[in-house]
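Per the working numbering: the sequence shown = residues 182 to 381.
Glycine included, C-beta positions come from ideal geometry on N, C-alpha and C.
Model, not experiment: these values are computed from the prediction.
In what follows, a single structure is set out as C-alpha cells and then discussed.
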Amino acid sequence: MDSVLSGDAFDGDRPGSRLARSLTANPALADLATDLLRTDAALADLDADEASCVVAYMGLVLYPPGATVFREGDASRTSYLLLILNGEVSVETAAAAGSSQVTISVLGPGNIIGEMGLIDGSPRSATCTATSALQTAGLTRKSLQRLIDENPKVGAKLMIGLCKRLADRLRGLNDQLQLYAQLNASLQQQVERLSGRSRF
C-alpha cells in the first residue's frame with residue numbers, strides 16, 4: 182500500500198504532504214497510463230516515448246466509490262491533475278449560486294480532469310465524484326516543473342497538449358452559448374407573440 186495514496190491523502194504540492202510513488206512501480210498500470218495518455222480523450226499528440234516519460238512523473242491515487250475527487254470552488258487542493266485509469270467520474274456544477282448540482286458529464290478511462298487547476302491554481306470549476314472505485318494517475322505542479330526542467334521538449338509538448346484541450350473546451354462552450362442565445366431569442370419571440378395575443 183506504500184505505492185498508492187487514497188484521494189484524501191493526496192493534496193498535490195501542499196508542504197508536508199505525502200506524494201504517491203511513481204506509477205512506474207507498477208509496470209502494468211504504467212503501460213495503461215502510457216496508452217491512455219495517447220488517446221483522443223487525453224493528449225493524442227504525444228508519442229509512446231513521450232507519454233512514457235510523462236508517466237514517470239505521475240503517482241497512483243485511489244478513490245472509493247462515492248468519494249469527492251474535486252469540489253467546485255475549492256481553492257486549497259488545486260495543484261494537480263488526474264488521468265483516469267479505471268472507473269468513472271461524474272462531473273457536476275451548480276447551475277446558479279445556491280442551486281443543486283447538475284451533472285454535465287460522466288468521464289471514464291483516458292480522460293484528464295483538473296488540468297485548469299494544475300496550470301493556474303484557481304479554484305476547482307466543477308465537482309467530480311467517483312461513481313465507482315477509481316484508479317487515477319496524479320501529476321502535481323512540482324512534478325510538472327521537474328518534468329519541464331529535466332525533459333523540456335516533453336514538458337513543452339505536454340503543456341501544448343493541455344492548452345489545446347482547454348482551447349477545445351472553450352470552443353465547445355462558445356458553441357453552447359450560441360445555441361443558448363438562439364433558444365433564448367426564439368423563446369423571447371414566442372413570449373412576445375403570446376403577449377400580443379393576450380391583449381385582444
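Every alpha helix (DSSP H) stretch that sits fully inside the segment 317-368 and reaches 4 residues is listed by chain position as 322-331. Bounds of the beta strand (DSSP E) holding Leu-243 are 240-244. When the alpha-carbon of Ser-286 is set against those of Lys-338, Ile-294 and Glu-273, the nearest one is in Glu-273. Shown here, Ala-275 sits in a strand according to DSSP, grouped into three states.
One thing to note: Gln-282 has its Cβ within 8 Å of the Cβ of Thr-308. A Cβ-Cβ contact shorter than 8 Å links Ser-313 with Glu-269. The C-beta distance from Gly-336 to Ile-329 rounds to 3 Å, short enough to meet the 8 Å contact threshold.
Here Gln-316 is buried: its Cβ has 16 or more other Cβ atoms, across all protein chains shown, within 10 Å.
Annotated as distal: Arg-327 and Leu-299, with beta-carbon spacing of 8 Å or more. Going by DSSP, Thr-310 is part of the beta strand (DSSP E) stretching over 308-311. Going by C-alpha positions, Asp-255 is about 11 Å away from Thr-249.
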